[in-house]
Amino acid sequence: MNTSRRKFIKNSLKATVITTISAPGISKAAAILTSSSNPVVIHTEIQKAAAINFSQIALPYSYNALEPVIDTMTMDIHYNKHHTAYIKNVNDAIIAEKIDFASEKDFFANCSKLSPKARNNGGGAWNHNFFWQVMTPTQGGAPTGKVIEAINGTFGSFEKFKELFTQAAMTRFGSGWAWLVLDSGKLKIGSTPNQDNPLMDVGDLRGTPLLGLDVWEHAYYLKYQNKRNEYVANWWNVVNWNEVAKRMI
Ligand code: MN3
């Protein structure tokens, strides 16, 4: 966290404490202030309470809902084992390393300063919450409205867009993600390694994620084994274009 931001938070917290104390009936904050001669202690106490905490969203559909594209066992293990572990591990890191960013946005914008544990598990926590939401059993097919207009305007056609996105997914060596992002009003396609994402201050691909595809082997190996190309080709049938549209602000 940079100095000016630290100062800002410290000052705003101080202001909060003073305001609180001037109100009657809030004895706890007053007690902290009066019992301590060191204002830094107050700052630390309050900042801990405001620290970020990642939580796992409820899966928006049942484990078998994306069959036959994503099989039930893969969905169950992916959500209940892999994703749950990322959530637990990032929250452990936040506590152990006293990470005190107040928002996910700030956490990722300062990712280059975090430990590998915080960065990798923070990415894993966020990326999967995103991934579950951009899939649906009831849609798939082609996007409409402003999404198709933007895609056609940038890539020429939906087919060309799918070709470029598939290329990003296929050429990501090892584990990672393929993304469609909005960067300063422009659509971009790219990929990130491991659990990195375009919100992080690392790597070349930056922007607001609109669509993301997990290409870790754990996402497809039980059903597709080494055939990542078939997984990617079938995945278009479960893309939730309404969620993509919501993120295009
Ligand atoms: Mn995964």
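Sequential numbering of the sequence shown, starting at 96, is according to our numbering. Where a beta carbon is used, it is the ideal one built from N, C-alpha and C, also for glycine.
Query: Between A237 and D171, what straight-line distance do the alpha-carbon atoms span, to the nearest angstrom?; Result: 27 Å
Query: Determine the direct distance from the alpha carbon of I190 to that of E258, and round the result to whole angstroms.; Result: 42 Å
Query: Taking F196 as the reference, give the member of N337, I182, P232 and A213 with the closest Cα.; Result: A213
Query: On the DSSP bridge assignment, give the partners of I165 in chain order.; Result: Per DSSP, none; premise fails for I165.
Query: So, for Y326: in the same chain, excluding its five sequence neighbours on each side, which residues have a beta-carbon less than 6 Å away from its beta-carbon?; Result: Y315 and Y319
Query: Let me know the alpha helix (DSSP H) ranges lying completely inside the segment 206 to 284, each 4 residues or longer, listed in chain order.; Result: 211 to 228, 240 to 250 and 253 to 266
Query: When we look at the beta-carbon of H173 and count the other beta-carbons within 10 Å, is it buried (16 or more) or exposed?; Result: buried
Query: So if DSSP puts P293 in a beta bridge, which residue, or which two residues, is it bridged to?; Result: BP columns for P293 are empty, so no partner.
Query: At a threshold of 6 Å, does W311 count as lining the ligand MN3 (C-beta to nearest heavy atom)?; Result: yes
Query: Can you name the residues that DSSP bridges to G307?; Result: W274
Query: With DSSP as the reference, identify every bridge partner of V334, one or two as the case may be.; Result: M230
Query: Does the distance from the C-beta atom of N292 to that of N222 stay below 7 Å?; Result: yes
Query: For the ligand MN3, is there a heavy atom less than 6 Å away from the beta-carbon of A314?; Result: yes
Query: Closest to L294 by CA distance: which of L282, D309, D278 and L308 is it?; Result: D278
Query: Is the beta carbon of N332 closer than 7 Å to that of V164?; Result: yes
Query: Given a cut-off of 7 Å, decide if G307 and W336 are closer than it, judged by their beta-carbon atoms.; Result: no
Query: Count the other CB atoms, across all protein chains shown, that sit within 10 Å of the CB of K255; report buried if there are 16 or more and exposed otherwise.; Result: exposed
Query: When you compare each of T169, T167, D166 and T179 to I152 by their alpha carbons, which one comes out closest?; Result: T179
Query: How many angstroms separate the CA atom of I194 from the CA atom of V297?; Result: 18 Å
Query: Would V242 and V339 qualify as a contact pair, given that the criterion is a beta-carbon distance under 7 Å?; Result: yes
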